[in-house]
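In the working numbering, the protein residues as written are 10 to 501.
The beta carbon of each residue, even a glycine, is placed where N, CA and C say it ideally should be.
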Ligand code: MCA
Ligand code: AMP
C-alpha cells in the first residue's frame with residue numbers, strides 16, 4: 010500500500026491543507042493533490058523510477074511538502090537533509106546514498122554541484138516554475154501501488170560508530186504509526202496543527218505532516234520555531250507539537266496563559282526527555298498536561314501518554330497499538346516490572362534495516378526480531394514506559410542528536426590536538442549541551458576560540474561544543490576506555 014493512497018480517499022478537496030502564519034490558505038487539499046501529481050509526473054519524465062533516491066536539502070517552504078508527496082506517489086525514495094549540514098557532512102551522504110537527483114534551493118546549488126554532476130542537481134525554484142507551466146500540469150497522476158515493505162524515505166541517523174547510517178523506512182512503517190497515533194491522540198478532522206518543527210526529521214516530517222494528511226485537517230505552517238509567534242497563534246490552533254526546548258522557550262513568553270489556549274486540544278512533546286519542572290510549569294500556566302511520547306528514527310513513534318486517561322509524569326506512556334515493548338536486563342534476561350534495562354521494540358512501525366549495512370542491521374536486532382534501541386528504560390505494572398537514560402553514547406541537544414564520536418574525530422584531526430572526548434552536560438534550555446575536552450600535543454598550545462572557529466567550518470552549528478576544556482590526559486579505565494561519567498561529574 011502506498012501511504013499516499015491511504016491519505017487521498019480521506020481528502021476533502023476544497024478544505025484548506027496549509028495556512029500561512031497570516032492564516033491565508035496557501036494550498037487546499039485539491040491543490041496539493043494536483044501539484045504533487047505534476048511534480049511526480051515531471052520527476053518520472055526525467056527518468057526517475059521506483060527505488061531511485063532523491064536527496065533534498067532546502068529551507069522549509071510549502072513546496073518542500075509537495076516534493077515529498079511527489080516522491081511518495083512515484084515510489085522515489087525521499088532523503089531529506091538537515092539544513093545546517095555543511096559541505097563535508099553532505100559529501101558523506103551523497104557518496105553513501107548515490108542519489109539520482111538532488112533538489113536544493115538556489116543558495117545551496119553550488120555546494121552540490123561541486124559534489125556531484127551538475128545535471129543531477131535541480132533547484133526547487135526551477136522545479137516549481139517548470140511544473141506550474143500549463144503543459145506540465147498533470148490533473149490526475151496515477152499514484153504508484155507499492156508493497157508495505159517498499160522504502161518510502163531514508164533518514165540518516167548515526168550509531169555509536171559516529172558514521173551516519175541510512176534508516177530505510179517503508180510505506181507500511183509510516184502507515185502503522187499514523188493509524189495508532191490517530192487513535193491515541195483522538196485526532197479530529199477539525200484539528201488545526203500549529204507546525205513549527207523542521208521537516209527533515211521524523212518529528213516534523215512524519216508525525217507533523219501525516220496526522221493532518223490522514224485526517225484531512227489543516228496546518229498553520231511556520232518556517233521555523235519562534236516562541237513569540239507560536240504563542241500568538243495558539244488561539245487559532247488546536248494541536249501543537251514540539252521538542253522540550255520549545256516548551257522551555259514558550260514558558261518565557263509573558264502572554265502564555267490559559268485564556269490564549271482556549272481553542273487548544275493538546276500539546277505534544279517528544280524527541281528528548283521532558284523535565285518534570287517544564288511539565289508542571291506548563292500545566293500551571295495553561296491548564297494543559299503536555300502529552301509526552303517516545304520515538305526513534307528507526308521505529309517512528311513507539312509509545313505515548315494517552316490523551317484521555319492517565320498521563321503519568323516522567324513516563325513516555327503506553328506502547329502504541331501494534332507495538333511490542335520489552336526490557337532486557339544486564340544479565341541478558343527479559344526484565345520484570347520496574348526493572349531497568351535496554352528497551353527492545355517490535356512492530357509494523359520498526360524499519361527494515363540500514364542502507365547497504367546488513368551486518369550492522371543484524372547486530373541491532375535480536376534473534377526474534379526485536380530492535381535494540383540503545384535506550385535504558387523500565388516498564389511499570391500498568392505498562393507505562395519510563396526512559397531512564399541511554400546505553401548509546403549520544404547527546405540530544407534541543408531535540409537534535411549529536412554523536413560524540415563524530416565530533417571527537419573532527420577535533421582529533423585538528424593540528425596540535427592529541428586526543429579529545431566529547432560529553433553532554435545539562436543545559437537549562439537545550440536539555441543537554443555539547444562540551445569538548447581536549448588534550449593538546451606536547452609543547453602545542455591551542456585556545457578554545459581557535460578550536461571552535463575551525464570546527465564551525467566543518468560541522469553543523471548544533472554539533473559545535475558550547476564549551477571546550479583542556480586537560481593533561483584523559484581519564485581511562487583498565488580497558489583503556491575514556492571514563493565519560495567521571496568527566497561529566499567533573500565538568501557538570
Ligand atoms: C541551534 N543551536 C543549537 C541548536 N539549534 N545549539 C544546540 N542545540 C540545538 N538544537 C545554536 C546554533 O548553533 C546557533 O549558535 C544558535 O543556536 C542560533 O541558531 P538558530 O538556528 O537560530 O537556532 P534556533 O532557530 O533557535 O534553533 C533552536 C531550535 C532548533 C528551535 C531548538 O534546534 C530546533 O528546531 N530543534 C528541533 C529539532 C527536531 O525537530 N528534532 C526532532 C528530531 P551560535 O549563535 O553560537 O552560532 S526527530 C527525533 O528525535 C525522534 C524520532 C523523535 O522522537 O521525534
Ligand atoms: P533519533 O535518532 O533522532 O531518532 O532520536 C531517537 C532518540 O531520542 C531515542 O533513542 C531516545 O534516546 C530519544 N527520545 C525520543 N523521545 C524521547 C522522550 N520522550 N524521552 C526521552 N528520550 C527520547
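Query raised in the report: Between the Cα of residue 241 and the Cα atoms of 31, 96, 460, 301, which residue gives the shortest distance?
Result: Your numbering for residue 241 matches position 232 in the chain shown. Measuring from the Cα of residue 241, the nearest candidate turns out to be 31.
Query - Whole-angstrom C-beta distance between residue 223 and residue 19, which should lie under 8 Å - result: Within the chain shown, residue 19 is the residue found at index 10, counting from 1. Within the chain shown, residue 223 is the residue found at index 214, counting from 1. Going by Cβ atoms, the distance from residue 19 to residue 223 rounds to 6 Å, so yes, they are a contact pair.
Query raised in the report: If we count the other Cβ atoms within 10 Å of its Cβ and call it buried at 16 or more, is residue 462 buried or exposed?
Result: Taking the first residue of the chain shown as position 1, residue 462 is located at position 453. Exposed, by the Cβ-count rule.
Query - Nearest to residue 361 (by Cα), restricted to the options 124, 397, 174 - result: The residue given as residue 361 occupies position 352 in the chain shown. The residue with the shortest Cα to Cα distance from residue 361 is 174.
Report task. Decide if the stretch 291–298 is in contact with the stretch 326–341; the criterion is three or more beta carbon pairs, one per stretch, under 8 Å apart. Result -> no
Report task. With DSSP as the reference, label residue 335 as helix, strand or coil. Result -> On the chain shown, position 326 is the one that residue 335 refers to. Strand.
Query raised in the report: Using 8 Å as the Cβ pair cut-off and three pairs as the minimum, do the stretch 74–92 and the stretch 203–214 touch?
Result: yes
Query raised in the report: Mind checking residue 123: buried by the 16 CB within 10 Å criterion, or exposed?
Result: Residue numbering aside, residue 123 sits at position 114 when the chain shown is read from its first letter. With fewer than 16 Cβ atoms within 10 Å of its Cβ, residue 123 is classed as exposed.
Report task. My understanding is that residue 99 touches residue 120, with C-beta atoms under 8 Å, so please give their C-beta distance in whole angstroms. Result -> To locate residue 99, count along the chain shown from 1; it is residue 90. To locate residue 120, count along the chain shown from 1; it is residue 111. So it is a contact: roughly 7 Å between Cβ atoms.
Query - Per-residue DSSP class, three states only, for residue 226 - result: Counting from 1 along the chain shown, the entry for residue 226 is found at position 217. Residue 226 falls in the coil class under three-state DSSP.
Report task. Report whether the distance from the Cβ of residue 163 to the nearest heavy atom of the ligand MCA is below 6 Å. Result -> Counted from its first residue, the chain shown places residue 163 at position 154. No; taking the cut-off as 6 Å, the Cβ of residue 163 has no heavy atom of the ligand MCA nearer than that.
Query raised in the report: Looking at the structure shown, is residue 249 part of a helix, part of a strand, or coil, going by DSSP?
Result: Your numbering for residue 249 matches position 240 in the chain shown. Residue state, collapsed to three classes: strand.
**Report entry** In DSSP terms, what residue 178 is bridged to
**Finding:** Residue 178 sits at position 169 when you count from the first residue of the chain shown. DSSP, once it has assigned bridges, lists 162 as partnering residue 178.
**Report entry** Validate contact between the stretch 301–319 and the stretch 270–279 using beta carbons, cut 8 Å, 3 pairs
**Finding:** yes
Query raised in the report: Cβ of residue 448 within 7 Å of Cβ of residue 476?
Result: Counted from its first residue, the chain shown places residue 448 at position 439. Counted from its first residue, the chain shown places residue 476 at position 467. No, these two residues do not count as a Cβ contact at 7 Å.
Requested in this report: Could you name each continuous beta strand (DSSP E) segment of 3 residues or more that falls completely within the stretch 259–298, going from the start of the chain to the end?
Outcome: 275–278
Requested in this report: State the start and end residues of the unbroken alpha helix (DSSP H) segment that holds residue 439.
Outcome: For the purposes of this step, residue 439 is identified with residue 430 of the chain shown, where counting begins at 1. No alpha helix (DSSP H) contains residue 439, which DSSP labels as neither H nor E.
**Report entry** Contact test: residue 305 Cβ vs the ligand AMP heavy atom, cutoff 6 Å
**Finding:** Start at 1 with the first residue of the chain shown, and residue 305 comes out as number 296. It does: the Cβ of residue 305 is within 6 Å (strictly closer) of some heavy atom of the ligand AMP.
Query raised in the report: Where do the ends of the alpha helix (DSSP H) carrying residue 96 lie?
Result: Translated into the one-based positions of the chain shown, residue 96 becomes position 87. From DSSP, the alpha helix (DSSP H) with residue 96 extends over 96–106.
Query raised in the report: Say the cut is 6 Å; is the CB of residue 280 nearer than that to a heavy atom of the ligand AMP?
Result: Residue 280 sits at position 271 when you count from the first residue of the chain shown. Yes.
Requested in this report: For residue 384, verify whether its CB is less than 6 Å away from any heavy atom of the ligand ZN.
Outcome: Judged by which ligands are present, the ligand ZN is missing from the structure shown, whose ligands are the ligand MCA and the ligand AMP.
Query - DSSP state of residue 358 mapped onto helix, strand, coil - result: For this step, residue 358 is matched to residue 349 along the chain shown. Coil, per DSSP.
Query raised in the report: Checking contacts by CB at 7 Å: is residue 102 closer than that to chain C?
Result: No chain C is present in this structure, which holds just one protein chain.
Query raised in the report: Can you tell me whether DSSP reads residue 373 as helix, strand or coil?
Result: Counted from its first residue, the chain shown places residue 373 at position 364. DSSP places residue 373 in coil when its eight states are reduced to three.
Query - Rounded Cβ spacing between residue 444 and residue 424 (contact assumed at less than 8 Å) - result: Here the question's residue 444 lines up with position 435 in the chain shown. Here the question's residue 424 lines up with position 415 in the chain shown. Between residue 424 and residue 444 the Cβ distance is about 21 Å, and since that is not below 8 Å, they are no contact.
Query - Simplified DSSP assignment, three categories, for residue 240 - result: The count along the chain shown starts at 1 and reaches residue 240 at position 231. DSSP places residue 240 in helix when its eight states are reduced to three.
Report task. Report the option in 125, 114, 95 whose CA atom is closest to the CA atom of residue 104. Result -> In the chain shown, the residue the question calls residue 104 occupies position 95. The shortest C-alpha separation from residue 104 is found at 125.
Requested in this report: Note down the Cα distance separating residue 180 from residue 127, rounded to an integer number of angstroms.
Outcome: As a first step, residue 180 must be located in the chain shown, where it is residue number 171. As a first step, residue 127 must be located in the chain shown, where it is residue number 118. Those two C-alpha atoms are separated by around 31 Å.
Requested in this report: Report yes or no: do the stretch 371–385 and the stretch 53–67 share at least 3 C-beta pairs separated by less than 8 Å?
Outcome: no
Query raised in the report: Just to confirm, are residue 419 and residue 468 a CB contact at a threshold of 7 Å?
Result: Sequence index remark: in the chain shown, residue 419 carries index 410 (1-based). Sequence index remark: in the chain shown, residue 468 carries index 459 (1-based). Yes, Cβ-Cβ distance for residue 419 and residue 468 is below 7 Å.
Query raised in the report: Counting pairs of beta carbons, one from the stretch 196–203 and one from the stretch 243–253, are three or more of them closer than 8 Å?
Result: yes
Query raised in the report: Which residue spans inside the stretch 402–474 form an unbroken beta strand (DSSP E) run of at least 3?
Result: 404–406, 409–411, 426–436, 440–449
Query raised in the report: So does residue 207 have its beta carbon nearer than 6 Å to some heavy atom of the ligand MCA?
Result: If you number the chain shown from 1, residue 207 lands on position 198. The answer is yes for residue 207.
Requested in this report: Using 6 Å as the cut-off, classify the Cβ of residue 441 as near or not near the heavy atoms of the ligand AMP, replying yes or no.
Outcome: For the purposes of this step, residue 441 is taken as the residue at position 432 of the chain shown. Incorrect: residue 441 has no Cβ contact closer than 6 Å to the ligand AMP.
**Report entry** Rounded straight-line distance, which links the Cα of residue 11 to that of residue 156
**Finding:** Here residue 156 corresponds to residue number 147 of the chain shown, with the count starting at 1. Here residue 11 corresponds to residue number 2 of the chain shown, with the count starting at 1. Using only the alpha carbons, I get a separation of about 7 Å.
Query raised in the report: Any idea what DSSP makes of residue 234, helix, strand or coil?
Result: Along the chain shown, read from residue 1 onward, the residue named residue 234 stands at position 225. Coil.
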